[in-house]
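> Next up is a structure, given as structure tokens.
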């Protein structure tokens, strides 16, 4: 079953050496008496600081330049014991080591939100600028604090190997051994063991914590040197344990010298067997005791003395058992340390043999190279001798020509002055070219910085442009969908309008057929064409019935819905695209199909009603003609009026 993660630090579950846990670093480091920002009695603690950095130049490069140099950051690992004693250990790491640590921690804890390491400048040489190095040092120190604030990361083997906590613990014990050497040489052992730093209850031994992780074997040369120093200090620890055992023996011998022979038998049988409590209780109840095998009867006045003696012996035996357990535990630790050191010595011997073999091969190669160089030098010497003989012959020839050259020197002095002036001019030109080159280099550096900023801005703007392009593509799809819906709607609307116009034309033709023309216009007078009024009234009734049927059909036509797209779909599509009907058509005067249908049917209904009213007026006029027909026959012919004139006059 997997162990649940710890809830808090110093809870006794840390797998690090001595069960230590990370603590924030103190504000000021004052050596052994440094004040830490927590209670030191909770257990062993360690902190990490990066106070400085150093630069190591490559061979052949001057020390005052940073070109082709390697920067090491000094990591200060502080250790504090439960007694409040502080010690420190130094580690040198490159910036690439911090990046490797970040990658390893990220791989080991994939579900954790690991803080990012300080960035690596790709276009600038940070090693050539002290200010940038100082900023990186501060950034690394802050990053280590944030990284180690996670309890699982601070307890991991990666961090322990990176900070070399094993070597830090060994150096801490070495410092303690050196500071307590005077106490070890003292006569009493109880004070010495009281001051010795004890381990936590969770860590059974120093060696089990120091040798639990294989990663510690891959430490640097500094760690190996610390291991050798630790092996040199082991006799001091052995001497401490010997002193403790001798103190126990001296206590036992002093007890034996002060006791009586009869009491010694009682101690061997009762106290060492663990039955001294029952003997003491029975001794208190009776006035006179018999001591087991020794038939000794003690008087009443010796009872208190014997009781105090037994208590003293009991305390010393318990103390001796405790010291013996400590000695056994430390002996086991020493055995484990010895085995670990033997393993390391064997590894070092193997490495030494390999190094010897490599050195031997290197020496042989160097000898071969030296021999080749000596041979080459001999060849060069022969060549130089040949050249020397040639030079001697040339020298004689030059001596012969020297007189001629001296005569020519006078003439060449003028030319020499001219050449000197030309040389000075060329030197000035060379200096100006060098200055121009330096200016160009400075300008190129500034241009590189500007280009870096522009690249970053372009990368950020690229993401924004991608978002805008995606948004525009979505709007385009919405607009296409809205356009398709609008086209379908216009198509349906045109079909429905054609159908409406066809139906209205049919209804108009039928309405025209329902008309009854009973009058004829002659000389600005209306004359009834039909002689029979009853027939005219029947025609008007038939026309009214047909007009009523046409009105019913017109009302049904007004209520009929065409096969158009629903307004909900159209409005949702136009809203999602950010458009409306006015922006699509360029005007706000769009008339829906329902309004057109309603207007046309209203016109038809009004026309039909007008026809119906006209029929009613005609019917009324005919009735008036029928009533006044007899009276009209009596009247004179010139005074006779038309039906319409009578209707209008009435």
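Residue numbers (the UniProt record's numbering): 1 to 650.
Positions of the beta carbon are idealized from the N, C-alpha and C atoms, including for glycine.
#1: Answer with buried or exposed for residue 574, where buried requires no fewer than 16 other C-beta atoms within 10 angstroms of its C-beta.
#2: Is there contact here, the region 17-32 with the region 105-112, by at least three beta-carbon pairs under 8 Å?
#3: Nearest to residue 151 by alpha carbon, out of 163, 170, 112 and 335?
#4: I need the DSSP call for residue 436, collapsed to helix, strand or coil.
#5: For residue 440 and residue 448, what's the separation of their Cα atoms in angstroms?
#6: The beta strand (DSSP E) that contains residue 35, what's its start and end?
#7: Around the C-beta of residue 176, are 16 or more other C-beta atoms found within 10 angstroms, so that it is buried, or is it exposed?
#8: Could you have a look at residue 717 and say whether DSSP puts it in helix, strand or coil?
#9: Residues in the same chain with beta-carbon distance under 6 Å from residue 102, minus the five sequence neighbours each way, listed in chain order, please.
#10: What's the gap between the Cα of residue 376 and the Cα of residue 382?
#11: Using the three-state DSSP reduction, which class does residue 508 fall into: helix, strand or coil?
#12: Just list the residues that DSSP pairs residue 74 with in beta bridges.
#13: Which residue's Cα is closest to the Cα of residue 545: 606, 410, 601 and 615?
#14: List the residues that DSSP assigns as beta-bridge partners of residue 22.
#15: Out of curiosity, what's the CA-to-CA distance linking residue 551 and residue 491?
#16: How would you label residue 77, buried or exposed, when you count the other beta carbons within 10 angstroms and need 16 or more for buried?
#17: Considering only residues of the same chain and omitting the five flanking positions on each side of residue 141, which have a CB-CB separation below 7 Å?
#18: Consider the Cβ of residue 367: report whether some Cβ of chain D lies at a distance smaller than 8 Å.
#19: Does DSSP put residue 81 in a helix, in a strand, or in coil?
#20: To the nearest angstrom, how far is it from the Cα of residue 12 to the Cα of residue 166?
#21: Tell me the rounded alpha-carbon separation between residue 169 and residue 45.
#22: Going along the chain, which unbroken runs of the beta strand (DSSP E) with 3 or more residues stay wholly within the region 433-500?
#23: Does the beta-carbon distance from residue 40 to residue 171 come in below 8 Å?
#24: Cα-Cα, which of 87, 333, 120 and 442 is closest to residue 25?
#25: According to DSSP, is residue 407 helix, strand or coil?
#26: If you draw a straight line from the C-alpha of residue 320 to the C-alpha of residue 303, how long is it?
#27: For residue 510, which residues in the same chain have their Cβ closer than 7 Å to its Cβ, ignoring the five residues on either side in sequence?
#28: What does a CB cutoff of less than 8 Å around residue 507 pick up in its chain, not counting 5 residues either side in sequence?
#29: State buried or exposed for residue 31, treating a residue as buried only when at least 16 other CB atoms are found within 10 Å of its CB.
#30: Using C-beta distances below 7 Å, list every residue in its chain close to residue 651, excluding the 5 sequence neighbours before and after it, in chain order.
#31: Mind checking which residues open and close the alpha helix (DSSP H) that includes residue 145?
#32: With H, G and I counted as helix, E and B as strand and the rest as coil, what does DSSP make of residue 156?
#33: Taking the C-alpha atoms as reference points, what is the distance between residue 415 and residue 408?
#34: Sort out for me which residues DSSP pairs residue 172 with in a bridge.
#35: Within a Cβ cutoff of 7 Å, which residues of the same chain sit near residue 619, ignoring the five residues on either side of it in sequence?
By the coordinates alone:
#1: Note that residue 574 has pLDDT 47, beneath the 50 cutoff, so the model's placement of it is unreliable and no number is given.
#2: no
#3: 112
#4: helix
#5: 12 Å
#6: Element bounds for residue 35: n/a, residue is neither H nor E.
#7: buried
#8: What the structure shows of the chain is the stretch from 1 to 650, and residue 717 is not part of that stretch, so it cannot be assessed.
#9: 117
#10: 10 Å
#11: helix
#12: 52 and 92
#13: 615
#14: 46
#15: 29 Å
#16: buried
#17: 49 and 50
#18: Going by chain labels, chain D is absent from the structure shown, which holds only one protein chain.
#19: coil
#20: 18 Å
#21: 11 Å
#22: none
#23: no
#24: 87
#25: helix
#26: 25 Å
#27: 550
#28: 550, 553, 554, 557 and 604
#29: exposed
#30: Missing from the structure shown is residue 651; the chain here goes from 1 to 650 and no further.
#31: 130-148
#32: coil
#33: 11 Å
#34: Partner(s): none; residue 172 has no beta bridge.
#35: 537 and 540
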